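In our numbering, the protein residues as written are 29 to 229. Every residue, glycine too, gets a C-beta built ideally from N, C-alpha and C. Being a predicted model, the structure only gives us computed values, none of them experimental. Below: the structure, in structure tokens.
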């Protein structure tokens, strides 16, 4: 599996967890479009964003240049020392200054937090409710001039307790995680549309 796909210069980055051990040699890219995980955790959000920005302003996000990578390659590294990996990723962020970094799951979120120098926590600290709280805080604090890290859910949104995950992340009983995230993100993109070079020409 290649380390990355897309363009580092593109303002939107997607950061997954780690390479899927069983399929690592069969898949070409992180969050490979042929793997169902990508369509469980990202495609519904992207579809919602595309629909809303098009209806509001006849725009579409250019998706062929999205920069995609996993936080670490080997899933065994997640419970080890990841200082070098976070340092290297922090250097990438400094060099390219993406405006939006979507992280999928607690490990990828904590990895990105440490990469930008935020106070480190054990990645298991970030349950679904806390990730939702962080998402709300970070949408409120969005600054189009700097790198903004947004936590999203990983496999929890597609497993046994998926309905609870919708509620916990959105902070509302009966909430729809996918619609909620798409609405919040599309609103930010439209609000700052002239400062974000993300659109199909």
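Residue i, DSSP secondary structure in three states
i: residue 198; result: helix
i: residue 203; result: coil
i: residue 56; result: coil
i: residue 118; result: helix
i: residue 228; result: coil
i: residue 51; result: helix
i: residue 175; result: coil
i: residue 129; result: strand
i: residue 217; result: helix
i: residue 35; result: coil
i: residue 222; result: helix
i: residue 138; result: helix
i: residue 158; result: helix
i: residue 166; result: helix
i: residue 62; result: coil
i: residue 149; result: coil
Cβ-Cβ distance between residue i and residue j below 8 Å
i: residue 96; j: residue 57; result: yes
i: residue 154; j: residue 178; result: no
i: residue 197; j: residue 156; result: yes
i: residue 205; j: residue 220; result: no
i: residue 218; j: residue 45; result: no
i: residue 67; j: residue 51; result: no
i: residue 65; j: residue 183; result: yes
i: residue 230; j: residue 34; result: Outside the shown range of the chain, which is 29 to 229, sits residue 230, and nothing can be said about it.
i: residue 227; j: residue 87; result: yes
i: residue 166; j: residue 176; result: yes
i: residue 181; j: residue 69; result: yes
i: residue 53; j: residue 101; result: no
i: residue 274; j: residue 55; result: Missing from the structure shown is residue 274; the chain here goes from 29 to 229 and no further.
i: residue 117; j: residue 143; result: yes
i: residue 148; j: residue 224; result: no
i: residue 216; j: residue 170; result: yes
i: residue 43; j: residue 140; result: yes
Bridge-paired residues (DSSP) for residue i
i: residue 211; result: Residue 211 pairs with nothing; no bridge assigned.
i: residue 41; result: 95 and 129
i: residue 180; result: 132
i: residue 46; result: 100
Three CB pairs or more closer than 8 Å across the stretch 105 to 124 and the stretch 158 to 167: By the C-beta criterion, the stretch 105 to 124 is judged not to be in contact with the stretch 158 to 167, since fewer than 3 inter-stretch pairs fall below 8 Å.
Contained alpha helix (DSSP H) runs [length at least 4] in the stretch 64 to 120, N- to C-terminal order: 64 to 69 and 71 to 85, all fully within the stretch 64 to 120.
contact_flag[the stretch 69 to 89, the stretch 197 to 213] where n(CB pairs < 8 Å) is 3 or more: A contact exists between the stretch 69 to 89 and the stretch 197 to 213.
Inter-stretch contact at 8 Å, needing at least 3 Cβ pairs: the stretch 35 to 42 / the stretch 121 to 129: Contact between the stretch 35 to 42 and the stretch 121 to 129 is present, because at least three Cβ pairs lie under 8 Å.
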